[in-house]
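Taking mature numbering (1 follows the signal peptide of the UniProt record, and there is no 0), I'd label the letters of the sequence shown as residues -32 to -1, 1 to 343. Heads up, the beta-carbon is just placed ideally off N, CA and C, and yes, glycines get one too. Here is the structure we will look at.
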Amino acid sequence: MNRACGYQQRPPPPSSAFAVLLLLSTCITTYATPRSASDIEIPKVQQSVAGSDARLKCGIKEQHAEHMNASDVRWYFKPCGGGEGFQQTACSDRTALDGYDWRPLNCDNKPCRVTLTIANVSDANAGLYRCTIHPYRTDNQTIYSIQLVRSFELLVIKSPLDESIPAPELMDNLPANTTAIVDTPIVLQCRVHSKVPPTIKWFRRLNKRLGEHSFNQNKSIRYLENFYELLPSAGEKLLAHDVYLSKLILYNASERDIGIYVCVGINYVGVSMADAYVNLVHANGMPVEQEASGGYVGLMVLFLIPIALAVIPLLVWAALNVLRSRQSGEGKPSLGEPTTDVSAYDPNSVVRLKRERIVYGGSMQEHIYEKIDLT
């Protein structure tokens, strides 16, 4: 027996066994009986549809299950969260649950196994479950003289075909209008009552005109005449029986965070929503003014820039065309006017002037040459 590690081995386990011990350290207790509800670790939550079969698996790794069936496995149950006779006690209320005893399960008068199967689950099966295993076996040769304890919370949800399930309902007039100081965090809360686990989403209304928004279905939606941006949130947390909480946290709130925020609760039956307005003030109490038209003016400036760039070369092109037309008009000779072509000037040379006369109405041209002495 190795008292320092608290396990015995036959034969000596491989070095990987120490990694298993590290995993076990978070789930192991030396108590032989279940502890009070307030003294256990956070249970693993598992949902099952009413009328189906639920399976709770004790242990840490799947490959250990077959070997641990040879150990002493025991299961315990404590009704809560909708179970029969305990509708008013939430599984999260550990102090109240300490007044109730754990019920040992007989496992159909057979030795309990690592996997607990509950057939045709109903509200009576909802609650906390605990399993204990001693000793813990990782394979057929290695046995750890320790006791493993794990906890589960079984949630029994209604079938999607149950027409008695209503749409979600937002509670406590939340979210509420909020005024905060600039550069401080803002927390918006939303409580939803739903018979089945809902999905809770947060949106922010975009202060843009209908024609100015670049629609992106992955980040925003259009509802009536407004656009809403989907925001990341912490998801949903079960507070009590059929009551769920969601929070939206705005860190270092600035001018861009001023506006309307919408909480939307969704289940497969319907949708419920509520909005709240977030306002900001400076540390001295002066309100932060939001530039409502700043984005619109900036957009118009960006729109006019390419127009100005296109007008400038157009004006230059028009001016060049006017100049070319004027130059061509001034330099064009009239009909019957003689033209002179002198390639080089030489005072001792003789230049022949060509006089060209075009006769209209015929196909011939008359050329007259004169000899002129320039000396």
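Inset, instruction - Note down the Cα distance separating Ile133 from Asp210, rounded to an integer number of angstroms. - result: 12 angstroms
Legend entry - Local Cβ density within 10 Å of Asn108, reported as buried at 16 or more and exposed below that: exposed
Inset, instruction - Identify, in the order they occur along the chain, each residue of the same chain with its Cβ nearer than 8 angstroms to the Cβ of Val232, setting aside the five sequence neighbours on each side. - result: Ile168, Lys169, Trp170, Phe171, Val239, Ser240 and Met241
Legend entry - Environment of Tyr219 [buried if 16+ CB atoms lie within 10 Å]: exposed
Inset, instruction - Using DSSP bridges, identify the partner residues of Trp43. - result: Cys99
Legend entry - Stretch pair the segment 187 to 198 + the segment 115 to 124: three plus CB contacts closer than 8 angstroms: no
Inset, instruction - Would you mind sorting Ala286 into buried or exposed? The rule is 16 or more other CB atoms within 10 Å of its CB. - result: exposed
Inset, instruction - Could you tell me whether the segment 79 to 95 touches the segment 10 to 25, where touching means 3 or more Cβ pairs closer than 8 angstroms? - result: yes
Inset, instruction - Look up Glu161 in the DSSP assignment and give the residues it is bridged to. - result: It should be pointed out that residue 161 corresponds to His in this sequence rather than to Glu. Note: His161 sits in a beta bridge opposite Glu137 and Val211.
Legend entry - DSSP-derived helix/strand/coil call for residue 429: Because the chain is modelled from -32 through 343, residue 429 falls outside the range shown and cannot be assessed.
Inset, instruction - Tell me, to the nearest whole angstrom, how far the beta carbon of Val256 is from that of Val150; I am working on the premise that it is less than 8 angstroms. - result: 6 angstroms
Legend entry - Residue range of the alpha helix (DSSP H) that includes Leu24: Unbroken run through Leu24 is the beta strand (DSSP E), Ala22 to Lys25; no alpha helix (DSSP H).
Legend entry - Helix, strand or coil at Asp91 [DSSP, three-state]: helix
Inset, instruction - Could you give the DSSP three-state label for Leu218: helix, strand or coil? - result: strand
Inset, instruction - Give me whichever residues DSSP pairs with Ala58 in a beta bridge. - result: Paired residue(s): none; Ala58 is not in a bridge.
Inset, instruction - State the DSSP-derived secondary structure class of Met241, mapped to helix, strand or coil. - result: strand
Inset, instruction - Over the uninterrupted beta strand (DSSP E) stretch that includes Arg172, give me the two end residues. - result: Thr167 to Leu174
Inset, instruction - Count the other CB atoms, across all protein chains shown, that sit within 10 Å of the CB of residue 373; report buried if there are 16 or more and exposed otherwise. - result: Within the shown structure, residues of the chain are numbered from -32 to 343, placing residue 373 beyond reach of any answer.
Legend entry - Own chain residues within Cβ distance below 6 angstroms of Cys99, not counting five before or after: Cys26, Trp43 and Arg118
Inset, instruction - Go to Ala251, then tell me how far its beta strand (DSSP E) extends in each direction, as first and last residue. - result: It is not in any beta strand (DSSP E) - Ala251 carries neither H nor E in the DSSP assignment.
Inset, instruction - Note the first and the last residue of the continuous beta strand (DSSP E) segment covering Ile228. - result: Gly227 to Ile234
Legend entry - Local conformation of Arg118 per DSSP, three classes: strand
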